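2 protein chains.
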Amino acid sequence: MPKVTQQHMDARRKQILTAARRCFLRDGFHSTSMQDLFAEARLSAGAVYRHFTSKDEVILAIAEENMRDVLDITLAVATNRPGRSLGAVVAELLNVIRAKSVEEDLAGLAVLVWGEAMRNRSLAGKLDQLMGRIHANLVILVRDHQETGGLPTNVTAEAIASTMLAVLPGYILQVALLDPAAVAEMPYAVRALWPGPAGER
Amino acid sequence: MPKVTQQHMDARRKQILTAARRCFLRDGFHSTSMQDLFAEARLSAGAVYRHFTSKDEVILAIAEENMRDVLDITLAVATNRPGRSLGAVVAELLNVIRAKSVEEDLAGLAVLVWGEAMRNRSLAGKLDQLMGRIHANLVILVRDHQETGGLPTNVTAEAIASTMLAVLPGYILQVALLDPAAVAEMPYAVRALWPGPAGER
DNA sequence: ACAAAGAAAACGAACATTCGTCTTGACGTG
DNA sequence: CACGTCAAGACGAATGTTCGTTTTCTTTGT
Chain A
27 MPKVTQQHMD ARRKQILTAA RRCFLRDGFH STSMQDLFAE ARLSAGAVYR
77 HFTSKDEVIL AIAEENMRDV LDITLAVATN RPGRSLGAVV AELLNVIRAK
127 SVEEDLAGLA VLVWGEAMRN RSLAGKLDQL MGRIHANLVI LVRDHQETGG
177 LPTNVTAEAI ASTMLAVLPG YILQVALLDP AAVAEMPYAV RALWPGPAGE
227 R
Chain B
27 MPKVTQQHMD ARRKQILTAA RRCFLRDGFH STSMQDLFAE ARLSAGAVYR
77 HFTSKDEVIL AIAEENMRDV LDITLAVATN RPGRSLGAVV AELLNVIRAK
127 SVEEDLAGLA VLVWGEAMRN RSLAGKLDQL MGRIHANLVI LVRDHQETGG
177 LPTNVTAEAI ASTMLAVLPG YILQVALLDP AAVAEMPYAV RALWPGPAGE
227 R
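Protein sequences, first through last, are from chains A and B. Each residue of the first sequence is one higher than the last, beginning at 27 in the numbering used here. Each residue of the second sequence is one higher than the last, beginning at 27 in the numbering used here.
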């Protein structure tokens, strides 16, 4: 199709990325060959290389998409908080993560991205930045709850926020590895563990 | 060296595994070629293939070694608990993990193993089993603390233990990705968050 | 002298990427 | 309105490289 619009370009790109996602989730980044990707996308080599200059670029695009999803989720949940306890916020985070994992395997892809970040400095930087942003948002929440009571004040808000943040990868790993049903109860636990001052829920 | 003793065999094996560890931490499992490994171990192809029948077997050995390290740590810390609070136990777990990560990069390797487990069913099974064992140990601890007070009883011990367990991978990921100094405070936070009944520490 | 262990070369397979060719739909021209 | 032109998009065989592994030959301790 010559003289094709921008939206056709975007559609192709999305077609490739969707196929890449399936491939990577099935075999991992490096055990997926470009031939696998061509087959999955029902496109030729040339067609794919028109949109991405290398395999690494595809991997990077997928990884960034995944990190953007995670950031969007945390921003949406952590920002929109009508007087909820810290435990309630984290619990909702877990629930949304689980939902997104069931429907599009957010968790599995995240674990793959962590592994890739170990050998890809630029990806590590982006992941670092992602965790930094989530952490910063949690710090604000923690400070609020430290002032209104319900959280210890003899440790820094940063350290407590790091602990909250740490629960997320742990949950993601369990969702990705185990049956998602096996961790269905965890949100209740975090809600109960950090109830906040009496009255909040 | 013909007719060589068992300990020489073991030494060679260890030599190969040590080299493999360095390679994998530098480049990841699949971006490390066997040639890289030969060079790092200062051995020829034949010498390595005498001890391991395939690259996957080397990866598996490294992964199992790492999981055994983690299990040993958790068993040592979770079992030896002279009336400590749950937070204190988890905090010490984090400290030992950080120490082992500084000296031999336990955390970085663990993240690589998680990624590999996504595409290797047998490895996923072993990782599943590892987490199951740690979880079981935590459940016992949690039940104790639920009975003696200090932990909510309106959620199952299993769910609370899952939450404790979730903190570990999160911490490992932060240690592997960020500067270990950046998470040095987290153990204090964990201790403060789950203090147990008054008097324990 | 024997057998085990290591070195080195060499193997085919599989890999990411390129490139020359073909297809196709938009668009100017009559 | 018809149609020839054009260039972009897709194609897929071909390329050169690198991979894991095997095979052959040499060294060496007993």
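C-beta: ideal position from N, C-alpha, C; glycine also. Everything numeric in this text was worked out from a predicted model, so none of it was measured.
Exercise. Looking at the C-beta of MET93/A, does it have a partner C-beta in chain B at a distance below 9 Å?
Worked result: no
For this session: Consider the Cβ of SER57/B: report whether some Cβ of chain A lies at a distance smaller than 9 Å.
Result: yes
Exercise. CA-CA distance, ALA102/B and PRO195/B?
Worked result: 18 Å
Exercise. Does ARG227/B come within less than 9 Å of chain A when only Cβ atoms are used?
Worked result: Here the model assigns ARG227/B a pLDDT of 47, short of 50, so the residue's position is not dependable, and the following value carries that caveat. ARG227/B does not count as touching chain A.
Exercise. Can you find a CB in chain B that lies within less than 9 Å of the CB of VAL193/A?
Worked result: yes
For this session: Just the C-alpha distance for PRO213/B and ASP98/A, rounded to the nearest angstrom, thanks.
Result: 28 Å
Problem set entry | Per-residue burial, ASN180/B [other beta carbons within 10 Å of its own, 16 or more giving buried] | exposed
For this session: Measure the alpha-carbon distance for ARG110/A versus LEU164/A and round it to whole angstroms.
Result: 13 Å
Exercise. Do ALA150/A and THR182/B come within 9 Å of each other at the CB atom, strictly closer than that value?
Worked result: no
Exercise. Would you call the CB atoms of ALA104/A and ILE42/A closer than 9 Å?
Worked result: no
Exercise. By Cβ distance, which residues of its chain are closer than 7 Å to PRO206/A, with the 5 residues on each side in sequence left out?
Worked result: ARG124, SER127 and VAL128
Exercise. Of all the CB atoms in chain A, is at least one closer than 9 Å to the CB of SER188/B?
Worked result: yes
Problem set entry | CB-CB length for THR189/A against LEU219/B, believed under 8 Å | 6 Å
Problem set entry | Boundaries of the alpha helix (DSSP H) in which ARG68/A is found, first to last residue | Premise fails: ARG68/A is in no alpha helix (DSSP H) and is neither H nor E.
For this session: Tell me whether ARG227/A sits in a helix, a strand or coil according to DSSP, three-state version.
Result: For ARG227/A, the pLDDT reaches just 47, beneath the cut-off of 50, and the residue's location in the model is therefore unreliable, leaving the point undetermined.
Problem set entry | chain B contacts from the region 28 to 55 of chain A (Cβ-Cβ distance under 7 Å) | ASP53 and GLY54
For this session: Kindly indicate if chain A contains any beta-carbon less than 9 Å away from that of THR182/B.
Result: yes
Exercise. Exposed or buried, what is GLU83/B when buried is set at 16 or more other beta-carbons lying within 10 Å of its beta-carbon?
Worked result: exposed
For this session: Measure the C-alpha to C-alpha separation of ALA89/B and ASN92/A and round it to an integer number of angstroms.
Result: 26 Å
Exercise. Using a Cβ-Cβ cut-off of 6 Å (strictly less than) and excluding sequence neighbours within five positions of VAL185/B, which residues of its own chain qualify?
Worked result: Sequence inspection shows Ala at residue 185/B; the Val mentioned does not correspond to that position. Correct list: empty, nothing qualifies.
Problem set entry | Counted within 10 angstroms of its Cβ, other Cβ atoms place GLY158/A as buried (16 or more) or exposed | exposed
For this session: Name the residue from PRO221/B, ALA202/B, ASN121/B and GLN155/B whose alpha carbon lies nearest to the alpha carbon of GLN172/B.
Result: PRO221/B
Exercise. Where does GLY175/B land, buried or exposed, given buried means 16+ other C-beta within 10 angstroms?
Worked result: exposed
Exercise. Going by Cα to Cα distance, which pick from HIS77/B, GLU118/B, ALA46/B and ALA208/B is closest to HIS34/B?
Worked result: HIS77/B
Exercise. Which first and last residues belong to the alpha helix (DSSP H) in which VAL103/A is found?
Worked result: 81 to 105
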